[in-house]
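>
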Amino acid sequence: MPYDQRSELPDSVRKVLPEHAQEIYQKAFNSAWDDYKNPDDRQGDDNREEVAHKVAWSAVKQRYRKNDDGNWVAS
Numbered sequence: 104m105p106y107d108q109r110s111e112l113p114d115s116v117r118k119v120l121p122e123h124a125q126e127i128y129q130k131a132f133n134s135a136w137d138d139y140k141n142p143d144d145r146q147g148d149d150n151r152e153e154v155a156h157k158v159a160w161s162a163v164k165q166r167y168r169k170n171d172d173g174n175w176v177a178s
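With the working numbering applied, the sequence shown corresponds to residues 104 to 178, in that order.
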C-alpha cells in the first residue's frame with residue numbers, strides 16, 4: 104500500500120516527523136514497497152509492509168535524529 108500523499112502516512116509518522124522527514128519516509132517506503140514485493144527478497148519473517156516501514160525509518164534516521172526533548176531534528 105504505497106502512500107500517494109503525506110496525509111496518508113500513519114499517525115505515528117505524521118505527528119512526530121517534520122515535513123521534510125515525512126517526505127523522506129514516504130519516498131523510502133514506496134521504493135521499498137516495490138523493491139521487496141517478492142518474499143524471497145526479504146530476510147526473516149517480516150511481511151512486505153513491515154520491511155517497507157523499517158526501510159523508511161532507516162532513511163529518515165540518516166538525515167534526522169531525536170534531540171534531548173524527543174523531537175526529530177535535522178542532523
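Just so it is clear, CB atoms sit at the ideal spot from N, CA and C, and this is done for glycine as well.
Please read all numbers here as calculations on a predicted model, not as lab measurements.
Taking the Cβ atom as the reference point for each residue, do residue 128 and residue 159 lie within a distance shorter than 7 Å?
Here residue 128 corresponds to residue number 25 of the sequence shown, with the count starting at 1. Here residue 159 corresponds to residue number 56 of the sequence shown, with the count starting at 1. The answer is yes: Cβ separation under 7 Å.
> Counting C-beta neighbours from all protein chains within 10 Å, is the total for residue 156 16 or more, i.e. buried, or is it exposed?
Within the sequence shown, residue 156 is the residue found at index 53, counting from 1. Result: buried.
> Answer with buried or exposed for residue 131, where buried requires no fewer than 16 other C-beta atoms within 10 angstroms of its C-beta.
As a first step, residue 131 is located in the sequence shown; it is residue number 28 there, counting from the start. Buried is the call here.
> Using the beta-carbon count (16 or more within 10 Å), is residue 176 buried or exposed?
For the purposes of this step, residue 176 is taken as the residue at position 73 of the sequence shown. Residue 176 comes out exposed.
> Three Cβ pairs or more, each shorter than 8 Å: is that satisfied between the stretch 139-153 and the stretch 106-125?
no
> Pull up the DSSP beta-bridge partners for residue 168, would you.
Translated into positions along the sequence shown, residue 168 becomes position 65. Answer by DSSP bridge pairing, in chain order: 176.
> Going by beta carbon distance, what residues of the same chain come within less than 7 Å of residue 106, once the five residues before and after it are set aside?
For the purposes of this step, residue 106 is identified with residue 3 of the sequence shown, where counting begins at 1. Excluding sequence neighbours, residue 106 sits near 112, 129, 132 and 133.
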